[in-house]
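Trainee:
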Amino acid sequence: MRQYSNKQDVQQKSYYDDRFFITPQLPRVNISEDEVYSADIETLKSHVEVLESYIEAGELVVYVNATDNLKTITFLRDTLEYDFLMELSAIDYIKDRNGFEIFYEMLSTFKHKRLRVKCFISVKEELQSVESVFKMANWSEREMYDMYGVKVINHHNLKRILMPDDWYDHPLKKTYPLHGDETAQWYEVDKIFGKEARDVIGPEERDSAAIDRYDTTRFSRLGHEVEFGVDITDGKEPEHTPLAYQEEGGVKLFGKRLVKELHEDKSVTLDKRR
Amino acid sequence: MQQQVNRLKPFFENINFEREDNTMVVNFGPQHPSAHGQLKLLLELQGEEIVKAVPTVGYLHRGMEKMAENMMYNEFLPTTDRMDYIASSSNNYGFALAVEKLIGIEAPRRAEVIRTMLLELNRLTSHLFWLATHALDVGAMSIFLYAFREREYAMDLIEDYCGARLTHASIRIGGVPSDLPDNWTNELTAYVKILTEEIDKYEGLLTENRIWKMRLENVGIITPEVAKSWGCTGVALRGSGIKWDLRKEMPYGLYSELDFDIPVAQTCDSYGRYKCYMQEMRETMKILNQLIPMYESSEPQLMAHAPSHISAPKEDIMTQNYSLMQHFVLVTQGMRPPKGEIYVATESPKGELGFMIVSDGSPYPYKIKLRAPSFWHTGILEDLLPGHQLADVVTIIGNLNIVFGEIDR
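Here the protein sequences come in this chain order: A and B. If you're matching positions, the first sequence starts at 22 in our numbering and goes up one per residue. If you're matching positions, the second sequence starts at 380 in our numbering and goes up one per residue.
1. So is Y36 of chain A buried or exposed if we call it buried at 16+ other beta carbons inside 10 Å?
2. Below 8 Å on the Cβ atoms is my guess for E226 of chain A versus V210 of chain A; work out the distance and round it to an integer in Å.
3. Check for me: the beta strand (DSSP E) holding Y84 of chain A runs from which residue to which?
4. Skipping 5 residues on each side, what residues in its chain have a beta carbon closer than 6 Å to that of E73 of chain A?
5. So M443 of chain B packs on R788 of chain B, CB below 8 Å; how close in whole Å?
6. Whose C-alpha, out of A:G120, A:R135, A:I94, A:V173, is nearest the C-alpha of Y58 of chain A?
7. Going by CA-CA distance only, name the one from A:F240, A:M168, A:E248, A:E285 that's closest to H440 of chain B.
8. Are three or more beta carbon pairs between the region 496-516 of chain B and the region 451-469 of chain B nearer than 8 Å?
9. Below 8 Å on the Cβ atoms is my guess for W591 of chain B versus A519 of chain B; work out the distance and round it to an integer in Å.
10. What residue range does the beta strand (DSSP E) around Q425 of chain B cover?
11. Residues in the region 43-56 of chain A with C-beta within 7 Å of chain B's C-beta atoms, listed in sequence order?
12. With DSSP as the reference, label D89 of chain A as helix, strand or coil.
13. Given L193 of chain A, which residues of its chain have a CB within under 6 Å of its CB, disregarding the five upstream and five downstream residues?
14. Short of 7 Å Cβ to Cβ, which residues in the region 175-191 of chain A face chain B?
15. In the structure shown, what three-state DSSP assignment does F639 of chain B receive?
16. Check whether the region 551-564 of chain B and the region 668-677 of chain B touch, using three or more Cβ-Cβ pairs below 8 Å as the test.
17. Starting from G730 of chain B and walking both ways along the beta strand (DSSP E), at which residues does that stretch end?
18. Give the straight-line distance between the Cα atoms of S67 of chain A and F96 of chain A, rounded to the nearest whole angstrom.
19. Where does the unbroken beta strand (DSSP E) through G719 of chain B begin, and where does it stop?
20. How is the beta strand (DSSP E) around L128 of chain A delimited, first residue to last?
21. Between which two residues does the beta strand (DSSP E) holding V773 of chain B run?
22. Just checking, does the region 476-484 of chain B make contact with the region 543-557 of chain B on the three C-beta pairs under 8 Å criterion?
23. Alpha carbon to alpha carbon, what distance is there between L536 of chain B and L681 of chain B?
24. DSSP has I43 of chain A in a bridge; who is on the other side?
25. So, does the CB of L81 of chain A fall closer than 8 Å to a CB anywhere in chain B?
26. Along chain B, which residues have their Cβ under 8 Å away from the Cβ of T130 of chain A?
27. Among the residues of its own chain, which have a CB less than 6 Å from the CB of V31 of chain A, if the five just before and after it don't count?
28. Look at the alpha carbon of E577 of chain B and the alpha carbon of A514 of chain B, and state the distance between them as a whole number of angstroms.
29. For I112 of chain A, go through chain B and note every residue whose CB falls closer than 8 Å to its CB, in chain order.
30. Which two residues bound the contiguous alpha helix (DSSP H) that contains A230 of chain A?
31. Have a look at A:I43, A:V251, A:E80 and flag the residue whose alpha-carbon is nearest the alpha-carbon of E56 of chain A.
32. DSSP beta-bridge partners for L811 of chain B?
33. Please state whether DSSP places G554 of chain B in a helix, a strand or coil.
34. Would you report the Cα separation of Q24 of chain A and K34 of chain A, rounded to the nearest angstrom?
35. Please confirm whether M157 of chain A and S608 of chain B have their CB atoms less than 8 Å apart.
36. Can you tell me where the beta strand (DSSP E) holding K139 of chain A begins and where it ends?
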């Protein structure tokens with residue numbers, strides 16, 4: 022029987038896991054140990070519902086309800102002096118929790134502190150845009166939509182940004198294979214030559230490390246050299262290719278050949294090392 | 380198979396041209412020489428004035444974040460070179476630092492000194508490249524040749540260290556791969572001396588140049604509010620009068636020990652940013668001069684000692700069985716950082732370069748978000764360009780120092 026693999030996550034997995042290895046967790050510090058953060062979280066709690074909060078790697082992480090995201094970001098900017106929204110994106114947890122975790126990475130140039138606002142939305146939910154508070158969200162949310170398919174409402178121009186407008190699926194989802202899906206294989210063929218050329222051209226090879234030994238236009242094998250473009254399928258491959266280390270005549274220096282000419286019939290293979 | 384021209388349906392048709400108000404829509408790029416790589420700008424023009432600008436990116440998208448999810452941490456490091464390929468060591472450093480923070484190790488002091496030297500040399504090459512191409516766009520051809528000459532020397536130094544000129548991969552997670560070659564510090568001192576004199580010459584050519592000032596002054600004004608809202612960092616932010624440099628304000632590595640200033644311009648325009656860049660190069664040379672004695676006084680250890688995450692030195696691997704086993708496991712299976720999330724930002728030549736790593740404890744990162752500063756420096760063009768003349772577009776694009784490797788990732 023074929024081994025079961027979860028299609029919700031087709032990314033690379035480690036091939037071996039030690040049964041007895043316990044993965045450590047990055048230590049989470051209590052907020053009361055940091056004065057600035059504890060003051061901030063107190064103020065924030067009076068304004069929005071904070072689901073969870075802790076300090077991880079020296080940075081305050083705050084979980085809020087997804088519906089409160091705009092309210093939280095606005096409050097953080099206006100009242101708590103977090104004047105930069107540095108980054109926002111989603112993390113794909115479709116496999117485990119059927120949704121995305123959205124994070125907003127904020128920075129306060131007044132307090133020299135960073136803060137991460139996080140919220141969770143399920144696949145079918147929509148997210149409120151924060152573009153009205155930070156203009157940088159204009160492009161970031163477009164990227165998030167492009168990469169994860171997270172629907173953002175109240176965004177004035179929610180279009181794809183990095184992928185072509187007519188691309189199928191969202192490439193950073195864990196369900197999306199690294200080399201692209203079947204639609205991706207035909208994208209350029211359809212676009213440039215038309216669907217009717219599919220039979221002539223064939224699907225695009227999207228694995229940049231793929232090797233085809235029968236393709237004599239793009240690959241060659243040492244010791245089995247053949248003419249460019251020759252068909253070597255179905256036993257048409259020559260048994261032996263004569264060795265030639267240099268072109269006819271060889272490279273000459275002061276009238277002498279730099280490397281001695283190779284006579285294959287006279288060369289011998291040694292039985293053991295000298 | 381012949382390509383059928385009529386198959387290539389453009390996304391955009393010049394339909395506005397025949398309208399009564401007669402705005403013209405111009406496709407600027409992606410093959411325009413001053414589009415700095417693969418930027419496509421849709422410009423709507425009223426005469427020569429820009430009414431609307433739509434920057435389009437994605438022509439260099441290689442899906443690095445996707446690749447990162449399918450690579451072990453050490454495998455991904457050389458890929459970061461291809462982000463900001465003008466200063467690739469700074470990307471290596473940002474990533475290496477993020478992973479080091481995640482697994483909780485610190486690079487030895489000598490490694491940190493060498494890294495900082497490389498970072499600052501990269502800052503020089505990046506700024507010189509910026510100066511050369513920006514001046515060329517604006518029309519000052521000779522400065523291009525001068526600045527590229529000095530950039531070559533800096534690249535020679537980097538080449539002597541790591542063997543590569545553009546994609547260095549010169550920094551490892553946990554340290555640096557090798558010590559500086561003999562006589563390298565002397566060559567660095569000589570280079571800094573040359574560049575100190577040359578920068579004065581560049582400034583002599585440009586700073587009070589009438590044409591240069593006419594092209595740059597009051598062009599591309601980014602007010603502090605807009606800069607903050609658009610997430611501008613680096614010189615784009617400091618040129619708007621906000622004194623914010625992560626090396627100074629939230630120091631990492633050796634920067635808290637180094638003495639340097641943060642140049643700020645209050646004019647908010649392209650000329651102010653130009654002045655910032657020039658001054659920043661001088662500050663960088665100040666840092667490089669301080670690093671040489673630090674290098675000489677440091678212990679020769681180059682990689683951190685953390686057997687569960689970092690391979691032992693080569694001598695140990697070749698002589699000791701246990702080191703060899705560790706190395707084998709780390710190469711074939713990869714290191715396993717703890718579960719957790721971390722965001723580490725460094726000040727790259729372009730601005731705040733952030734690496735957000737989400738780890739689920741497996742050797743493959745669950746997610747990596749690369750925060751590339753140029754992404755928003757391109758986005759701001761939407762708001763920045765309208766109201767300017769068409770000729771100012773090249774000035775503004777060049778001045779913002781955008782590199783498409785890191786915008787598209």
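Built from N, CA and C at the ideal position, the CB exists for glycine as well.
Mentor: Reading from the atomic positions:
1. exposed
2. Actually they do not touch by this definition, with Cβ atoms about 11 Å apart.
3. 80-85
4. Y84
5. 4 Å
6. A:R135
7. A:M168
8. yes
9. 7 Å
10. 419-425
11. T44, P45, Q46, L47
12. helix
13. M168, Y169
14. I182, L183, M184, D186
15. coil
16. yes
17. 730-738
18. 11 Å
19. 719-727
20. 120-129
21. Per DSSP, V773 of chain B belongs to no beta strand (DSSP E); it is in the alpha helix (DSSP H), 769-778.
22. yes
23. 19 Å
24. DSSP lists no partner for I43 of chain A.
25. no
26. I621, W623, E628
27. P198
28. 16 Å
29. V737, Y745, K746
30. No alpha helix (DSSP H) holds A230 of chain A; DSSP gives it neither H nor E.
31. A:E80
32. Here chain B covers residues 380 to 788 and nothing more, so residue 811 of chain B does not appear.
33. strand
34. 15 Å
35. yes
36. 134-143
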